[in-house]
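A.B. asks: If you count by our numbering, then the sequence shown holds residues 12 to 152, one letter each, in order.
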Amino acid sequence: MFLMVEKYGIIANMSGDTDKAQELADLFKKHGYFDKLKQDILNKRIENGEQSAQLQELVKLKVAQIVNEMVNSNEDLIFKNRGSTTALIEGQIVKDGYAKLNTGENGINLTEVIEESMSSEDMKNDIFKVLENLDKDLMKS
Numbered sequence: 012m013f014l015m016v017e018k019y020g021i022i023a024n025m026s027g028d029t030d031k032a033q034e035l036a037d038l039f040k041k042h043g044y045f046d047k048l049k050q051d052i053l054n055k056r057i058e059n060g061e062q063s064a065q066l067q068e069l070v071k072l073k074v075a076q077i078v079n080e081m082v083n084s085n086e087d088l089i090f091k092n093r094g095s096t097t098a099l100i101e102g103q104i105v106k107d108g109y110a111k112l113n114t115g116e117n118g119i120n121l122t123e124v125i126e127e128s129m130s131s132e133d134m135k136n137d138i139f140k141v142l143e144n145l146d147k148d149l150m151k152s
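Structure (structure tokens):
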């Protein structure tokens, strides 16, 4: 039987068997709960300066702005190999923990938004309830 360590801590089998924990994590993903969490975070409304929009839309706008700035500063990017150009742009966006997304007037601190969402008590409670139900289902089978 599974037990909970701390209120929202690690779920572990009393015998120390981590296969059950892995199975629970796999079921969580398989049933789409992980994707739902990602969508909930991406659909979260964010106040960003004078505008309020979903995180996903703000990220898209900021990425488009970054790409435009990169192309304006180096027009050769348009004519380069698509793969290498994509890698270059992606590298600039991902570099230093998405720091480029946080710059400028429409900057988004992506790490902060994700951490804030993941530390939400409501989200933790929802995850725990799902894991408890999945654990019960595992015990039945």
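Every residue, glycine too, gets a C-beta built ideally from N, C-alpha and C.
Which residue's Cα is closest to the Cα of Y44: S63, D148, S152, I138?
C.D. replies: Start at 1 with the first residue of the sequence shown, and residue 44 comes out as number 33. Answer by Cα proximity: I138.
A.B. asks: So, is D146 buried or exposed, given that buried needs 16 or more other C-beta atoms within 10 angstroms?
C.D. replies: For the purposes of this step, residue 146 is taken as residue 135 along the sequence shown, with counting starting at 1. By the 10 Å Cβ count, D146 comes out buried.
A.B. asks: Under 8 Å: do the segment 110 to 129 and the segment 52 to 65 share three or more Cβ pairs, one atom per stretch?
C.D. replies: With a cut-off of 8 Å, the segment 52 to 65 and the segment 110 to 129 count as touching, because enough Cβ pairs lie within range.
A.B. asks: In its own chain, which residues sit with a C-beta less than 8 Å from the C-beta of V78, not counting the 5 before and 5 after it?
C.D. replies: Position 67 of the sequence shown, counted from the first residue, corresponds to residue 78. Excluding residues within five positions, the ones whose Cβ falls inside 8 Å are I100.
A.B. asks: Please check the pair I104 and V74, which I expect to be a contact at CB under 8 Å, by giving their CB distance rounded to whole angstroms.
C.D. replies: Locating residue 104 in the sequence shown gives position 93, counting from the first residue. Locating residue 74 in the sequence shown gives position 63, counting from the first residue. Correct: roughly 6 Å between the Cβ atoms.
A.B. asks: Do you know whose CA, among E80, L66, T97, lies nearest S128's CA?
C.D. replies: Here residue 128 refers to the residue found at position 117 of the sequence shown. For the residues E80, L66, T97, the minimum Cα distance to S128 belongs to L66.
A.B. asks: Between the Cα of K71 and the Cα atoms of L112, Q50, E132, M150, which residue gives the shortest distance?
C.D. replies: Counting from 1 along the sequence shown, the entry for residue 71 is found at position 60. If we check each option's Cα against that of K71, L112 comes out closest.
A.B. asks: Got a sec? Which residues, its chain only, sit under 8 Å from T97 by beta carbon, not counting five neighbours each side?
C.D. replies: Start at 1 with the first residue of the sequence shown, and residue 97 comes out as number 86. Once the five neighbours on either side are set aside, T97 has no close Cβ partner at all.
A.B. asks: G102: beta carbon under 6 Å from a heavy atom of the ligand MG?
C.D. replies: What this structure holds is no ligand at all, so the ligand MG is not there to describe.
A.B. asks: Would you identify the three-state DSSP class for E58, choosing helix, strand or coil?
C.D. replies: Indexing the sequence shown from 1 puts residue 58 at position 47. Looking at E58 - three-state DSSP - the assignment turns out to be strand.
A.B. asks: What runs of the alpha helix (DSSP H), each 4 residues or longer, lie entirely inside the segment 85 to 149?
C.D. replies: 93 to 109, 121 to 129
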